[in-house]
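Participant: Sending over a structure as C-alpha cells; questions will come in a sec.
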Amino acid sequence: MRNPLSNTIESIPPSGIRKFFDIVNEMKDAISLGVGEPDFDTPWHIRDEGIYSLEKGRTFYTSNSGIKELKIEICEYLKRRFDISYDYENEVMVTVGGSEAIDIALRAMLNPGDEVLIPQPSYVSYTPCTILAGGVPVPIRLEEKDQFRLTRQKLEEMITPKTKILILPFPNNPTGSVMEARDLIGIAKVVEEHDLFVISDEIYAELTYQGQHCTIAAFPGMKERTVLINGFSKSYAMTGWRLGYACAPDTILKQMLKIHQFAIMCAPTTSQYAAVEALKNGDEDVARMREAYDQRRRFLVKALRDMGFDCYEPQGAFYVFPNIKRFGMTSDEFALKLLEEEKVAVVPGTAFGDCGEGYLRISYAYSLQDLKRALERLERFVRRLEEKS
2 MRNPLSNTIE SIPPSGIRKF FDIVNEMKDA ISLGVGEPDF DTPWHIRDEG IYSLEKGRTF
62 YTSNSGIKEL KIEICEYLKR RFDISYDYEN EVMVTVGGSE AIDIALRAML NPGDEVLIPQ
122 PSYVSYTPCT ILAGGVPVPI RLEEKDQFRL TRQKLEEMIT PKTKILILPF PNNPTGSVME
182 ARDLIGIAKV VEEHDLFVIS DEIYAELTYQ GQHCTIAAFP GMKERTVLIN GFSKSYAMTG
242 WRLGYACAPD TILKQMLKIH QFAIMCAPTT SQYAAVEALK NGDEDVARMR EAYDQRRRFL
302 VKALRDMGFD CYEPQGAFYV FPNIKRFGMT SDEFALKLLE EEKVAVVPGT AFGDCGEGYL
362 RISYAYSLQD LKRALERLER FVRRLEEKS
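Here it is in C-alpha cells:
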C-alpha cells in the first residue's frame, strides 16, 4: 500500500511541549508549570452572556467574518487602547482563536519558497504553519543580552530577496519580552525599506507590566503592511471559548476570509456574543488578573534568583525563561530529570526553537500556593545537582 501521508506533514515534528504533559497526566501528585492557560475562571458576566445567547436560541451560523456587534467592539477596543482605526466591515474578521488567524494569514500571503522571518524563542506554531503554507521559515536568534528583543541589526542580517513576512511575537511566549516604541521605530523602517509585511501576534497585549503595549500597526505606513492578531484566551481567561481575531488591509483579509469560509465557516456563535460583553465591560477583570500575574511574576523571579538562576525579568505575558546552562545539562535533560525526581513539569526552551537551548519556560499562570509548592521541589532538585558537581 502506498504511503497515505503527506511528506510535508511527516517532516514536521510534534510540539515539544506535549510529551511532558502526556507524562504529567499519568503522574500522581505532579505539579505542572508548563501550560500557558490562565488559572482564572472566565468572569461571570461574560459567562452569563454566553448562557443568555443559548437561552435566546442564538445557535446558528454567523456571517463568515463574525457578528457585526463583535467586530464593532473590536474596532472600538483597538481605537481606545492603541489609537488605531479599522473598518469593521472590510478589515476585521473573527477567528477560532489566534492560532487560526496565524495559519490563514500565512496561507493567504505566501507563495512557494517565500521566506518568513521568525524571531525565536517564540510560539511553537509559527514554523509549522509557515511550512504547511509552502513558505520557508527563517529563524532570527533573540538573545538575553538584548532582553530577548528583536533588534534592527538582527532583522537586517536575515533579509534576502525571498523574504516576504516578518512575524512579530510580542509580548513574547516564552521569554516574556516586549517591544517598546523605540524598538519598533527601527523595525518599521526596515520593513518599509525592504517592502515586507508583518504578522503581529499580540495575544498577550493586555499582559504588559510596565507601560502600555505598543503595536507596530499604529506606526505611519505600517497598517497597510500588517496583519494584527489578537484574541480573548489570555486577557479574559477564555481559552476554551476558542475566539480570536485578525485586522488587516482589505486585500489581505478577503483572501484570509476565503480560507476561513471553506475550512471553518465561522467562529463559535456563543463565544462571539460572550466576547462582546468581554470587550464592553471586561476592563476591570483584565486589570485584576494582570495585577495577580504581576505579583506572581515578581515572586517567581526573586525566588529563582535566590536559588542561583540567571533569570531575565519578563515584562509581558505570564512566563519566565531562566537560564540553566551552569548545570551542564540540556534543557530537555533538565526538564525530564526534574519531572522524574520531583514531579514538577516545565517546558524545555528548545520547544520554542533551537536557540532556546539552555533555558526553561516556567508559567506563572498558577496560584501562588502552587508556585510555592513547585519552587520547594525545584530548590531540592537544584541543591542535589549542586552537591553532585
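Per the working numbering, the very first residue in the sequence shown carries number 2; after that it's consecutive. Glycine included, every Cβ here is placed at the ideal spot set by N, Cα and C.
(1) Three-state secondary structure (DSSP) at Gln121?
(2) When you compare the region 269–284 with the region 321–329, are there three or more beta-carbon pairs, one atom per stretch, that lie closer than 8 Å?
(3) What number of angstroms, rounded off, separates the C-alpha of Arg378 from the C-alpha of Cys267?
(4) Looking at the strands, I want to know which residues DSSP matches up with Asn231.
(5) Check for me: the beta strand (DSSP E) holding Val95 runs from which residue to which?
(6) Applying the 10 Å Cβ sphere with the 16-neighbour rule, what's the burial state of Pro120?
(7) Give me the DSSP bridge partner(s) of Phe198.
(8) Quick one, which of Ile13, Glu27, Asn8 and Ile32 has its alpha-carbon nearest Val347's?
(9) Specify, as a first and last residue, the run of the beta strand (DSSP E) that Leu379 falls within.
(10) Is Thr43 buried or exposed, if buried means 16 or more other CB atoms sit within 10 Å of its CB?
(11) Are the region 215–230 and the region 75–91 touching by the rule of at least three beta carbon pairs closer than 8 Å?
(12) Specify whether the region 136–153 and the region 110–125 touch according to this definition: at least 3 beta carbon pairs, one from each stretch, less than 8 Å apart.
(13) Assuming Ser201 contacts Gly98 (C-beta within less than 8 Å), just tell me the rounded distance between them.
(14) What three-state label does DSSP hand Leu208 in the structure shown?
(15) Does Pro129 come out as helix, strand or coil in the three-state DSSP assignment?
(16) I'd like to confirm the pairing. Which residues does DSSP put opposite Ile32 in its beta bridges?
(17) Decide if Thr227 is buried, meaning its Cβ has at least 16 other Cβ atoms within 10 Å, or exposed.
(18) Reducing DSSP to helix, strand and coil, say where Arg150 ends up.
(19) Please say whether Phe319 and Met294 have beta carbons closer to each other than 8 Å?
(20) To which residues of the same chain is Pro129 closer than 6 Å at the C-beta, ignoring the five residues directly before and after it?
(21) Can you tell me whether DSSP reads Gly317 as helix, strand or coil?
(22) Between which two residues does the beta strand (DSSP E) harbouring Arg81 extend?
(23) Can the beta-carbon of Leu244 be found less than 8 Å from the beta-carbon of Phe220?
(24) Which value, in whole angstroms, describes the spacing of the CA atoms of Ser39 and Tyr89?
(25) Could you tell me whether the Cβ atoms of Leu156 and Met180 are closer together than 8 Å?
(26) Measure from the alpha carbon of Tyr205 to the alpha carbon of each residue in Met239, His195, Glu194 and Phe198, then state which is nearest.
(27) Mapping the DSSP letters down to three states, classify Ile141 as helix, strand or coil.
(28) Could you pull the start and end residues of the alpha helix (DSSP H) that Leu55 belongs to?
(29) Where does Asn173 fall in DSSP's three states?
(30) Between Ile168 and His195, is the Cβ-Cβ spacing less than 8 Å?
(31) May I ask you to verify whether the region 68–80 touches the region 348–356, counting CB pairs closer than 8 Å and requiring at least 3?
(32) Please state whether the Cβ-Cβ distance between Thr396 and Tyr246 is less than 8 Å.
(33) Kindly indicate which three-state DSSP category Leu280 falls into: helix, strand or coil?
(34) Determine the closest residue to Val125 out of Ser66, Lys165, Pro5 and Cys356, with distance taken between C-alpha atoms.
(35) Quick one: grab the DSSP three-state call for Leu361.
Facilitator: Working from what's here:
(1) strand
(2) no
(3) 45 Å
(4) Tyr246
(5) From DSSP, the beta strand (DSSP E) with Val95 extends over Val93 to Thr96.
(6) buried
(7) Ile166
(8) That would be Ile32, whose Cα lies nearest to the Cα of Val347.
(9) Premise fails: Leu379 lies in the alpha helix (DSSP H), Leu369 to Lys389, not in any beta strand (DSSP E).
(10) Buried is the label assigned to Thr43, since at least 16 other Cβ atoms lie within 10 Å of its Cβ.
(11) yes
(12) yes
(13) Not quite, the Cβ-Cβ distance comes to about 16 Å (not below 8 Å), so this is no contact.
(14) coil
(15) helix
(16) Val345
(17) buried
(18) coil
(19) The sequence shown places Tyr at residue 294, not Met. By the CB criterion at 8 Å, Tyr294 and Phe319 fall inside the cutoff.
(20) Ile13
(21) strand
(22) First-last for Arg81: Lys69 to Phe83, but that is the alpha helix (DSSP H), not the beta strand (DSSP E).
(23) no
(24) Sequence check: residue 39 is Pro here, not Ser. Rounded to whole angstroms, Pro39 to Tyr89 spans 29 Å at the Cα level.
(25) Taking 8 Å as the Cβ cut-off, Leu156 and Met180 do not qualify as a contacting pair.
(26) Met239
(27) strand
(28) Trp45 to Glu56
(29) coil
(30) no
(31) The region 68–80 makes no contact with the region 348–356: fewer than 3 CB pairs, one atom from each, lie closer than 8 Å.
(32) In the structure as shown, the chain begins at 2 and stops at 390. Residue 396 is therefore absent and cannot be evaluated.
(33) helix
(34) Cys356
(35) strand
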